[in-house]
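Residue numbers (the working numbering), protein chains in the order written: chain A, 713 to 978; chain B, 487 to 850. A virtual CB, placed ideally from N, CA and C, is assigned to each residue, including glycine. The structure appears right after this line, and notes come after that.
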């Protein structure tokens with residue numbers, strides 16, 4: 713199937729916007745149910761786009777970004793499923809399955825971008841030192857553009873190059889590179905934690921860090937509590953903090969009174 | 487880089503704003519602008535600080551109004567750029583509270599502690615509202631409309647999702663800002679106790695996050711020699727062939743390597759099967775001229791030590807805890823910059839994965 717230059721550009725623009733929207737802006741435009749319909753309109757087959765988008769959307773319901781996890785990427789997957797269904801006349805279910813390698817590629821891409829974006833933060837620190845709000849704004853705009861461009865370029869490449877290219881690219885990425893980057897990506901948050909601790913920690917506080925660690929181990933290992941784990945933990949933490957606050961304010965007087973009372977009794 | 491580091495150290499030493507006069511209340515326009523900008527919380531999401539720069543971007547309209555002193559604005563921007571991660575749809579709740587604290591010029595450790603404390607509970611609530619309730623129900627209904635070819639599917643999905651999202655964003659922003667300004671007036675009396683309590687909660691939450699967000703695990707199996715064990719086989723043979731299975735083969739020392747009986751020819755061999763049930767060798771006459779024979783074969787199988795299960799038996803999430811404490815040591819005692827920490831983590835990650843297939847990946 714031949715595409716007009718306009719269609720290629722429109723697919724690029726839709727992907728650009730959806731890529732940004734998956735994390736920022738409305739955080740709903742990127743959902744396959746929406747992109748399927750839009751891609752269908754662009755390629756002149758709205759019905760197929762709607763059906764594929766709906767099918768893909770149902771599949772993602774169990775695959776939500778809960779707790780910051782990165783599921784197979786719905787932007788690349790949803791758009792490619794519609795493209796494949798319309799251009800290759802695939803059945804909706806087969807198109808969705810065929811798009812899976814592409815969605816995995818999108819997942820790698822997200823991991824890679826989030827890892828490589830980390831060094832940008834020292835630049836942001838510099839803007840903060842200079843009290844330069846414009847600099848912070850530019851960093852955010854720049855990051856969004858990068859994300860959109862990478863996704864747009866990749867999807868457009870697949871759109872023009874076809875299904876075989878997708879599989880080739882997936883195969884060409886060495887597993888060690890992917891494993892190493894995702895392991896590093898998973899550890900980078902520890903840098904953030906350690907810096908927070910550096911600012912908040914003093915000698916009295918270590919106990920509360922380990923208390924939180926221990927309580928979280930317990931709560932998160934009980935399957936029934938896995939979802940509300942952080943809320944439960946926050947309640948426990950709040951209880952401890954509030955008790956400490958009371959000790960230092962209202963109860964301080966009471967404690968002293970009680971001490972006095974005991975002395976009298978002895 | 488050198489100038490950057492001097493600035494870093496001066497920012498660390500400062501715990502109070504220079505201008506401690508509370509700023510006038512933020513007007514509705516500024517609050518709306520902040521709520522709108524909160525949509526871009528994750529614009530520059532990355533694995534080191536997560537939403538930090540997006541958070542600062544959203545806070546800036548307020549911060550610029552509050553901190554007219556340039557040094558104070560810089561200080562405020564710096565500490566609002568620290569690690570931050572919260573549910574994107576509920577972030578304005580945190581923004582309103584922190585904006586009210588900035589406005590009252592609360593000291594920085596307190597603001598930081600409250601901001602960190604907020605990371606815990608809102609994530610779980612947001613996931614429960616959006617990804618586990620709203621989206622599955624809404625997407626489930628509208629997807630079926632789309633599959634039936636109705637363009638109303640995607641349109642209804644977008645409408646309902648965004649009405650709820652924006653109602654939450656603007657509603658929480660106003661509510662928490664007002665609540666924060668009122669609550670702070672009474673808290674101001676006991677500021678040092680409040681700071682301490684908020685820090686306790688903050689440190690506690692970082693301890694929890696080390697567990698709930700720490701997925702790093704070392705997954706290595708070390709081969710530890712081999713073990714020999716009998717594996718039971720059964721066969722149905724003619725009765726006169728049963729004796730052939732008594733001792734099929736023996737090794738140099740006379741021990742049976744395959745067969746029903748030990749070297750003495752009378753003691754039946756025994757072993758345990760994969761489910762842990764004991765199995766004894768022997769023959770059962772089936773009564774039709776055939777016998778069911780259970781015989782043993784010596785099989786050599788490799789033994790390995792699973793590092794992950796050993797670590798888990800010492801302390802689950804030991805690896806995340808160790809990395810956090812090690813990085814804390816580097817940052818607090820060795821004056822590492824965050825950048826050095828990131829490079830270190832990147833190198834460890836790639837090396838651990840066995841670059842170019844030089845060794846097997848240790849990450850699991």
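Asked, Found
"C-alpha distance - residue 506(B) paired with residue 754(A), whole-angstrom precision", "57 Å"
"Residue 724(B) (DSSP reduced to helix, strand or coil)", "strand"
"Beta-carbon gap between residue 524(B) and residue 855(A) smaller than 8 Å", "no"
"Every unbroken beta strand (DSSP E) inside the region 832–918 of chain A [3 residues or more]", "none"
"For residue 828(A) and residue 859(A), the rounded distance between their alpha carbons", "11 Å"
"Three-state secondary structure (DSSP) of residue 790(B)", "strand"
"Simplified DSSP state of residue 592(B), which is helix, strand or coil", "coil"
"Contiguous beta strand (DSSP E) assignments of at least 3 residues, all confined to the region 651–735 of chain B", "707–724"
"DSSP three-state assignment for residue 845(B), whether helix, strand or coil", "coil"
"Chain B residues whose Cβ lies nearer than 8 Å to that of residue 834(A)", "490, 823, 824 and 825"
"Rounded C-alpha distance that separates residue 805(A) from residue 887(A)", "28 Å"
"Collapsed DSSP secondary structure at residue 784(A) in the structure displayed", "coil"
"Host alpha helix (DSSP H) of residue 838(B) (start-end)", "824–838"
"Cβ of residue 824(A) within 8 Å of any chain B Cβ", "no"
"Delimiting residues of the beta strand (DSSP E) encompassing residue 764(B)", "764–766"
"Inter-residue Cα distance where the pair is residue 897(A) and residue 866(A)", "21 Å"
"Contact with chain B by residue 779(A), beta-carbon distance below 8 Å", "Because residue 779(A) carries a pLDDT of 49, less than 50, the predicted location of this residue cannot be relied on, and the following value inherits that uncertainty. Yes, contact with chain B."
"Rounded distance between the beta-carbons of residue 735(B) and residue 721(B), thought under 8 Å", "In fact, because the Cβ distance is near 15 Å, the residues do not count as touching under 8 Å."
"Under 8 Å between C-beta atoms of residue 532(B) and residue 894(A)", "no"
"Contacts of residue 961(A) in chain B (Cβ-Cβ under 7 Å)", "676 and 679"
"Expected contact under 8 Å - CB spacing of residue 693(B) and residue 821(A) to nearest Å", "At roughly 33 Å, the Cβ-Cβ gap does not stay under 8 Å, so residue 693(B) and residue 821(A) are not in contact."
"Cutoff 8 Å: residue 522(B) Cβ touching any chain A Cβ", "no"
"Any C-beta of chain A under 8 Å from that of residue 662(B)", "no"
"Opening and closing residue of the beta strand (DSSP E) in which residue 745(B) lies", "742–745"
"Alpha-carbon spacing of residue 808(A) relative to residue 612(B), whole angstroms", "29 Å"
"Which listed residue (498(B), 714(B), 577(B) and 767(B)) has its alpha carbon closest to that of residue 527(B)", "577(B)"
"Residues of its chain near residue 659(B), where Cβ-Cβ distance is below 7 Å and the 5 sequence neighbours each way are ignored", "517, 520, 521, 578, 581 and 582"
"CB contact check: residue 792(A) to chain B, cutoff 8 Å", "no"
"Nearest-angstrom beta carbon gap, residue 861(A) and residue 728(A) [assumed within contact, 8 Å]", "7 Å"
"Cβ shell of residue 631(B) (< 8 Å), same chain only, five flanking positions each side left out", "638, 639 and 642"
"Interface flag, residue 560(B) vs chain A, CB-CB below 8 Å", "yes"
"Cα-Cα separation between residue 823(A) and residue 817(A), rounded to whole angstroms", "10 Å"
"Buried/exposed call for residue 674(B), threshold 16 Cβ in 10 Å", "exposed"
"Which of helix, strand or coil DSSP assigns to residue 507(B)", "coil"
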